[in-house]
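**Q** Sharing a structure with you now.
Chains as they are written, first to last, in this note's numbering: chain D, 123 to 464; chain E, -17 to 399; chain A, 55 to 236.
So, in structure tokens, the structure goes:
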């Protein structure tokens, strides 16, 4: 097995910045002996948030389980770019079956391990938002209901990216996709739809639910580790920007993810047995424009024929989240654009 | 030990003795008694180690089986009709991945119109999926075939479905010998997978295969089914030696040595067909019967040989290809295409319509006089059909045909048998 | 279905081949249900419904005039009806005159069941009556089939009902063989 020297990039204070920390506090990603579950050579786009998220999550899961892990993957971008025939970039035991069944397949893997007396081997099921909230929902709900010992990870890039950016049940309002074009009186995806999977997962009463983004590596890894301390159904929802589908610069992926959190549009929290137990507070409250304006999927909201009314509605959603989850201290909201380090 | 048992019960006990490690299924008539019985055996601890999973759909049931099988566990499930269609994506997936799952298919008609009774349309819907399909003639054979199925599946890395007629076999009570544990263990060793998810030897299963290699991968699955044509009779012979009775194999011939007319069929109707054939023999006709057990792979050579010498072949089948004709008939025609015989298709038993000895004898009498059309729908009530056709011709808004016909027939409950 | 199945188990226990199965019409509480049982000394191959019964056991007398129950019944056929009424009272007087009178009997199976089981489940009693009427299966075999299916006290009570019906039918048979033909 060839090893490539690991190179660190100073990309900002949150991604791989560990040099001032003790070894024990460093991220899994900074460890040259990490499992490299998703090795280099895969065919993801430049700046792909999902490749990042999967790498982070699975390396953390491998460390948490001492390498005793099996991954089940739904059809989607991750599966496609990681196994371009005749190669695979997975260094872990990995199974791809279908689009809508990864949760059920994972249930089967976990059952087989139990039957064989190998319950120390843990199971992860992973899918994109389509394979989680839409076509995968039946199997996911069944797995939750049975409380099967599976950690389900959803990499949410908010549309069916692999097939050409079509709308999913996770596509946010006003976002342009190929099936919710920016035309007509209500351009982009309509308001009032969409599934809040983390809350649906909580409604099933499962042990552990958490949301995370690729902007905060420590947080993401910690949540994976925490998830692995439970035995039962667990759910992790990771926001993974897609430069191609979102129309953001490929060098902006982590920035976009951070802005999603800092605006309040993507609440980052943990829940156990249906109740929120911890919240990742917004460091500097940011108006949604800063987030929306750097993504071309929202381009129709700005400029000459812009829609400040829709932006205002999106701001309302953000404000509602901040209020619901208590994402900021009891201070007036910051209205001027803040400097967020890139 | 020979006991008077419900078919479903015998299958459940036999499957349990095959030591499956993961069993899951979604309930659907008429498979429920099988799964309930296996579930009870797991819950009581009689079948262990085994995980019994109550899943939320048939799609989940086959998916759980896929995950379990890929992890090296012996996996079993059961379904019928609509359930089979609901899981069809996963059915193809299992075959494509080469996972030796065994499934009982309690043959039942596919709707619309919704119908819970027996015919073979469900099995026919997946005949190209790459699964091996074995049809049981009796409940004894249904039980026995499961033992052979696990061996066959695991040897070849091909999933196998054992087809047994819903209600007619599943809910019939008859004398069945469900083999004991020692006998099954001697015949069926533990599962040794060809590929397995193991963190200590990680592999990726389920790659995308492009035009460069797809044909080769698919051809390999075709070859595996050809291998099955060899293994099926060999396993049946081994089974006969071990258990002392004939079960399985590619096909079985009955009084065909000097037969002028041979009837071909799948499944439980063969019993009634044999009684009808005997009656016609009494009347001086030379009738024989060929019962096909292995429908997929289809034993072209064996069928050709079994039918050689006959002047007439009548294929009685419980399914049809709408707009075309028979399904089994097409396969039989392929086997006999260069033989000099007349092939007749008889569609019978659709949606659980009883196939009576009287009707079969009349059919054979017609055949003997060469009065049988190439395609016959047995015991069809032409009057009812004509009435509906007139209704449809008279007005555009003629309403749902099924409801119209039911109204014609009177209450459903009053029709017995 | 239980009655036909029990009958088949009883016949099996006496070394015969037996096949029992429900008719495949809609089964729901309140709908007419038929089940069949074949008994033979050779292997039973056919799977068709019983078109020409040698015996009919009618558990629900209200069906008599709603459904053509007697279709195909052979002239030597046996009929056992669960009722405390007579054939004449049921409007079957004419009909039964064409058949062998001593092969047609009524039996108050529901009443016997209420008496012995406390519940209106006539199957066991009807089987006991059937054994006495046809002689095709012994009361012992019926009883052991019942005990196999219903364990403990429930089984015993069912056996008691079956035995009571057996005796009743035996007595009725005797009376019939001494009575002048009407």
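The beta-carbon is built from N, C-alpha and C at its ideal position, and this holds for glycine as well.
Out of E:262, E:372, E:129, which has the shortest C-alpha to C-alpha gap to residue 1 of chain E?
**A** Translated into positions along the second chain, residue 1 of chain E becomes position 19. When each option's Cα is compared against that of residue 1 of chain E, the closest is E:129.
**Q** Tell me whether residue 56 of chain E is buried or exposed, calling it buried when 16 or more other Cβ atoms sit within 10 Å of its Cβ.
**A** Taking the first residue of the second chain as 1, we reach residue 56 of chain E at position 74. Burial call: buried.
**Q** List, in chain order, every chain F residue whose beta-carbon is nearer than 9 Å to that of residue 300 of chain E.
**A** Among the chains of the structure shown, chain F does not appear; the protein chains present are D, E and A.
**Q** What's the call for residue 397 of chain D, buried or exposed, on a 16-neighbour Cβ count within 10 Å?
**A** Counted from its first residue, the first chain places residue 397 of chain D at position 275. Residue 397 of chain D should be labelled exposed.
**Q** Output the boundary residues of the beta strand (DSSP E) element that contains residue 199 of chain D.
**A** Looking up residue 199 of chain D in the first chain gives position 77. It is not in any beta strand (DSSP E) - residue 199 of chain D instead sits in the alpha helix (DSSP H) that spans 199 to 204.
**Q** Taking just the CA atoms, how far does residue 216 of chain D sit from residue 62 of chain A?
**A** Position 8 of the third chain, counted from the first residue, corresponds to residue 62 of chain A. Position 94 of the first chain, counted from the first residue, corresponds to residue 216 of chain D. Whole-angstrom Cα-Cα distance: 52 Å.
**Q** Quick one: list the residues of chain E neighbouring residue 100 of chain A, beta-carbon separation under 7 Å, in chain order.
**A** Against the third chain, residue 100 of chain A aligns to sequence position 46. The contacting residues are 253, 254, 257, 339.
**Q** For a contact meaning CB atoms closer than 8 Å, what does residue 192 of chain E contact in chain D?
**A** Working through the second chain from its first residue, we reach residue 192 of chain E at position 210. Within 8 Å Cβ-Cβ: 207.
**Q** Considering only residues of the stretch 66 to 102 of chain E, which uninterrupted alpha helix (DSSP H) runs meet the minimum length of 4 residues and lie entirely inside it, listed in chain order?
**A** Qualifying alpha helix (DSSP H) stretches, in chain order: 70 to 79.
**Q** For chain E, is any of its Cβ atoms less than 8 Å away from the one on residue 471 of chain D?
**A** Look at the range of chain D in this structure, 123 to 464, and you will see that residue 471 of chain D is not part of it.
**Q** Just confirm the distance between the C-beta atoms of residue 151 of chain E and residue 142 of chain E, as a whole number of angstroms; I'd bet it's less than 8 Å.
**A** Working through the second chain from its first residue, we reach residue 151 of chain E at position 169. Working through the second chain from its first residue, we reach residue 142 of chain E at position 160. Not really, about 17 Å apart at Cβ, beyond 8 Å.
**Q** Are residue 47 of chain E and residue 68 of chain E close, meaning C-beta to C-beta below 8 Å?
**A** If you number the second chain from 1, residue 47 of chain E lands on position 65. If you number the second chain from 1, residue 68 of chain E lands on position 86. No, the Cβ-Cβ distance between residue 47 of chain E and residue 68 of chain E is not below 8 Å.
**Q** Does residue 377 of chain E pass the burial test, meaning 16 or more other C-beta atoms within 10 Å, or should it be called exposed?
**A** Here residue 377 of chain E corresponds to residue number 395 of the second chain, with the count starting at 1. Per the 10 Å Cβ criterion, exposed.
**Q** With a cut-off of 8 Å on the beta carbons, I'd call residue 183 of chain A and residue 163 of chain A a contact; round off their distance for me.
**A** Numbered from 1 along the third chain, position 129 holds the residue referred to as residue 183 of chain A. Numbered from 1 along the third chain, position 109 holds the residue referred to as residue 163 of chain A. That pair is a contact at about 7 Å.
**Q** For residue 31 of chain A, collect the residues of the same chain with a Cβ closer than 8 Å to its Cβ; drop the 5 residues on either side in sequence, then sort them by chain order.
**A** Shown here, chain A extends from 55 to 236; a query on residue 31 of chain A therefore has no answer.
**Q** Out of D:152, D:184, D:160, point me to the one whose CA is closest to residue 538 of chain D's CA.
**A** Nothing in the structure corresponds to residue 538 of chain D, since chain D is present only between 123 and 464.
**Q** Closer than 7 Å by beta-carbon distance: list the chain E residues that pair up with residue 237 of chain A, in chain order.
**A** This structure cannot speak to residue 237 of chain A, because chain A is shown only from 55 to 236.
**Q** Give the DSSP-derived three-state secondary structure of residue 113 of chain A in the structure shown.
**A** Numbered from its first residue, the third chain carries residue 113 of chain A at position 59. DSSP places residue 113 of chain A in coil when its eight states are reduced to three.
**Q** For residue 150 of chain D, which of helix, strand or coil comes out of DSSP?
**A** Locating residue 150 of chain D in the first chain gives position 28, where the first residue counts as 1. Here residue 150 of chain D sits in helix by DSSP.
**Q** Do residue 117 of chain E and residue 248 of chain E have their C-beta atoms closer together than 8 Å?
**A** Locating residue 117 of chain E in the second chain gives position 135, where the first residue counts as 1. Locating residue 248 of chain E in the second chain gives position 266, where the first residue counts as 1. In this structure, residue 248 of chain E lies closer than 8 Å to residue 117 of chain E by Cβ.
**Q** To the nearest angstrom, how far is it from the Cα of residue 251 of chain D to the Cα of residue 137 of chain E?
**A** Locating residue 251 of chain D in the first chain gives position 129, counting from the first residue. Locating residue 137 of chain E in the second chain gives position 155, counting from the first residue. Using only the alpha carbons, I get a separation of about 38 Å.
**Q** Are any of the Cβ atoms in chain E nearer than 8 Å to that of residue 107 of chain A?
**A** Taking the third chain and counting its residues from 1, one reaches residue 107 of chain A at position 53. Taking Cβ atoms only, chain E never reaches closer than 8 Å to residue 107 of chain A, which makes this a no.
**Q** Between which two residues does the alpha helix (DSSP H) containing residue 164 of chain D stretch?
**A** As a first step, residue 164 of chain D must be located in the first chain, where it is residue number 42. Element bounds for residue 164 of chain D: n/a, residue is neither H nor E.
**Q** Please state the DSSP three-state secondary structure of residue 278 of chain D.
**A** Residue 278 of chain D sits at position 156 when you count from the first residue of the first chain. Of the three classes helix, strand and coil, the one that applies to residue 278 of chain D here is strand, per DSSP.
**Q** Go ahead and pull the three-state DSSP assignment for residue 118 of chain E.
**A** Position 136 of the second chain, counted from the start, is the residue given in the question as residue 118 of chain E. It is coil, neither helix nor strand.
**Q** For residue 391 of chain E, tell me which candidate among E:101, E:374, E:369 has the shortest Cα-Cα distance.
**A** Working through the second chain from its first residue, we reach residue 391 of chain E at position 409. For residue 391 of chain E, the nearest C-alpha among the options comes from E:369.
**Q** Given residue 24 of chain E, which residues of its chain have a CB within under 6 Å of its CB, disregarding the five upstream and five downstream residues?
**A** As a position in the second chain, residue 24 of chain E is number 42, starting the count at 1. Excluding sequence neighbours, residue 24 of chain E sits near 32, 34.
**Q** On a CA-only basis, which of E:339, E:295, E:61, E:52 is nearest residue 148 of chain E? Give me that one, please.
**A** Position 166 of the second chain, counted from the first residue, corresponds to residue 148 of chain E. Closest by alpha carbon: E:61.
**Q** Taking only three categories from DSSP, how would you classify residue 129 of chain E?
**A** The residue you call residue 129 of chain E lines up with position 147 of the second chain. Note: residue 129 of chain E maps to helix in three-state DSSP.
**Q** Can you list the residues of chain A that residue 372 of chain E reaches, using a CB-CB cut of under 8 Å?
**A** Looking up residue 372 of chain E in the second chain gives position 390. Simply none; closest approach about 28 Å.
**Q** Should residue 206 of chain E be listed as close to the ligand MN, given that the test is whether its C-beta is under 7 Å from any heavy atom?
**A** Of the ligands one can find in the structure shown there are none, so the ligand MN has no counterpart to examine.
**Q** Along chain E, in chain order, which residues have C-beta atoms closer than 9 Å to that of residue 184 of chain A?
**A** Taking the first residue of the third chain as 1, we reach residue 184 of chain A at position 130. Those within 9 Å of residue 184 of chain A in chain E number zero; the least Cβ separation is about 17 Å.
**Q** What is the DSSP secondary structure of residue 170 of chain A, counted as helix, strand or coil?
**A** Counting from one through the third chain, the residue named residue 170 of chain A turns up at place 116. It is helical.
**Q** Give every residue of the same chain whose Cβ lies closer than 6 Å to the Cβ of residue 290 of chain D, excluding the five residues on either side of it in the sequence, and list them in chain order.
**A** By 1-based counting over the first chain, the position of residue 290 of chain D is 168. 251, 252, 256, 281, 282.
**Q** Between residue 433 of chain D and residue 193 of chain D, what straight-line distance do the alpha-carbon atoms span, to the nearest angstrom?
**A** On the first chain, residue 433 of chain D is found 311 positions in, with the first residue counted as 1. On the first chain, residue 193 of chain D is found 71 positions in, with the first residue counted as 1. The straight-line gap from Cα to Cα measures roughly 39 Å.
**Q** List, in chain order, every chain A residue whose beta-carbon is nearer than 7 Å to that of residue 336 of chain E.
**A** Position 354 of the second chain, counted from the start, is the residue given in the question as residue 336 of chain E. Chain A residues near residue 336 of chain E: 102, 103.
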